[in-house]
């Protein structure tokens, strides 16, 4: 999924007086229909009454895969559109941490203010947790977020099925009575709404910690119409299939055709990749289901990274302009940090572009735009 991040680096010091310029404040703010105060502390994690449900407690439940096996288990979490299947034997023993924030006002222990999957499937769930950062159980957290959990399921069998058949529709049924032949239907979320996803908190942290200021925009915001007010555009990781993001693709295409703003993208564990510009190998964190066909690249682009396991493309770069994209996370939390230098490369490209200009536009705000894919966060209190 693509989401837009525009980066604004601090202007270089003028050499007229031996006085240090005022330091630019690094922070992240989120574009909204409501006024956003300067120096916002970022996203909050409010209880959303539309999501919260009563906590299910050991209710019999059934997990059914369309055209696949049926699993009996026990329900936890919410009493209620992608399911997350854990193959780890025990889940929940660490509990859920607080929404504490770091020095940049970003969530310290979370990459998103809400759970982004529609359901959780585990082999065994721990009802008691123990960790110094934990404030609630996994079951209570999921109930507060409106996300059902089913436990006591052979998750290895599910993964074996999905490995052969690919992503499949599924449903979770609560209660003891279940008719295998009943046709309750399966909901395909891609037929009901646009795919949506938010940028990770650690992407924001990687940018603001390098002295930038960030503003977040929705995935379909016409970035090309305001890009002249910013120094760079960062396209965040997203859902994977650009077919569901035609508006974003079109906006980025127009941006590339009409602006010189620096552009960096990343589609978002331990996958080796080769940097074709330096010949060095790095370890990357990946989570994408689509690969770019190098033979289909426009003539002014060339491969940037190659997967050393299977030879697939992991990034492309413009031959002349400072535009590049990645098929892996440029940062990881937790995970390898080998590719974090790409943030430095991007910011250096922004600064080099600013330094090459003989005249600066005084009306350019010191902001970095980040375009988030999740419409749910547009209009939320910053």
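Residue numbers (UniProt numbering): 1 to 382.
Heads up, the beta-carbon is just placed ideally off N, CA and C, and yes, glycines get one too.
Check, Outcome
"Measure the C-alpha to C-alpha separation of residue 169 and residue 353 and round it to an integer number of angstroms.", "47 Å"
"Report the option in 74, 229, 92 and 312 whose CA atom is closest to the CA atom of residue 135.", "92"
"Where does residue 100 land, buried or exposed, given buried means 16+ other C-beta within 10 angstroms?", "exposed"
"Contact defined as beta carbons within less than 8 Å: I believe residue 173 pairs with residue 64. What is the distance between those atoms, to the nearest angstrom?", "7 Å"
"Please work out which residues of its chain come closer than 6 Å, Cβ to Cβ, to residue 342, disregarding the five sequence neighbours upstream and downstream, and give them in chain order.", "330"
"Looking only at its chain, what residues have a beta carbon closer than 7 Å to the beta carbon of residue 97, apart from the 5 residues adjacent to it on each side?", "109, 133, 134 and 135"
"Report yes if the CB atom of residue 148 is closer than 8 Å to the CB atom of residue 119, and no otherwise.", "yes"
"Is residue 115 helix, strand or coil when you go by DSSP?", "coil"
"Just how far apart, CA to CA, sit residue 145 and residue 112?", "12 Å"
"Comparing C-alpha positions only, which one of 219, 151 and 209 sits nearest to residue 248?", "219"
"Grab me the residues of residue 272's own chain with a C-beta within less than 8 Å of its C-beta, minus the 5 sequence neighbours each way, in chain order.", "281, 282, 283, 284, 307, 308 and 309"
"Determine the burial state of residue 270: buried for a count of at least 16 other Cβ atoms within 10 Å of its Cβ, exposed for fewer.", "exposed"
"From what residue to what residue does the beta strand (DSSP E) around residue 163 run?", "Where residue 163 is concerned, there is no enclosing beta strand (DSSP E), although the alpha helix (DSSP H) it sits in stretches over 155 to 165."
"The alpha helix (DSSP H) with residue 203 in it runs from where to where?", "201 to 208"
"Comparing alpha-carbon positions, which option in 275, 234 and 206 lies nearest residue 255?", "234"
"Going by DSSP, what residue range makes up the alpha helix (DSSP H) through residue 251?", "246 to 258"
"Work out the CA separation of residue 345 and residue 322 for me, nearest whole Å.", "10 Å"
"Is the separation between the beta-carbon of residue 122 and that of residue 151 shorter than 8 Å?", "yes"
"Measure from the alpha carbon of residue 304 to the alpha carbon of each residue in 320, 328 and 275, then state which is nearest.", "275"
"Would you decide whether residue 311 is buried or exposed? Buried here means 16 or more other CB atoms lie within 10 Å of its CB.", "exposed"
"Taking residue 302 as the reference, give the member of 245, 286 and 277 with the closest Cα.", "277"
"Pull up the distance between the alpha-carbon of residue 257 and that of residue 224, whole angstroms please.", "9 Å"
"Considering only DSSP beta bridges, list what residue 282 is partnered with.", "273"
"Here's the rule I'm using: 16 or more other beta-carbon atoms within 10 Å means buried, otherwise exposed. How should residue 279 be labelled?", "exposed"
"Taking residue 84 as the reference, give the member of 313, 60, 250 and 142 with the closest Cα.", "142"
"Report the CB separation of residue 87 from residue 156 in whole angstroms; it is logged as a contact under 8 Å.", "6 Å"
"Just to confirm my understanding: we take residue 286, look at its own chain, exclude 5 residues before and 5 after, and list those with CB closer than 6 Å. What are they?", "271 and 328"
"For residue 295, count the other beta carbons within 10 Å of its own beta carbon; 16 or more makes it buried, fewer makes it exposed. Which is it?", "exposed"
"With DSSP as the reference, label residue 350 as helix, strand or coil.", "helix"
"Could you check what DSSP says for residue 72 in three-state terms: helix, strand or coil?", "strand"
"Among 226, 293, 318 and 213, which residue has its Cα nearest to the Cα of residue 347?", "213"
"Measure the alpha-carbon distance for residue 217 versus residue 350 and round it to whole angstroms.", "20 Å"
"Once DSSP output is grouped into helix, strand and coil, what is the label at residue 169?", "coil"
"Reducing DSSP to helix, strand and coil, say where residue 321 ends up.", "coil"
"Just verifying my parser: in three-state terms, what is the DSSP assignment at residue 84?", "strand"
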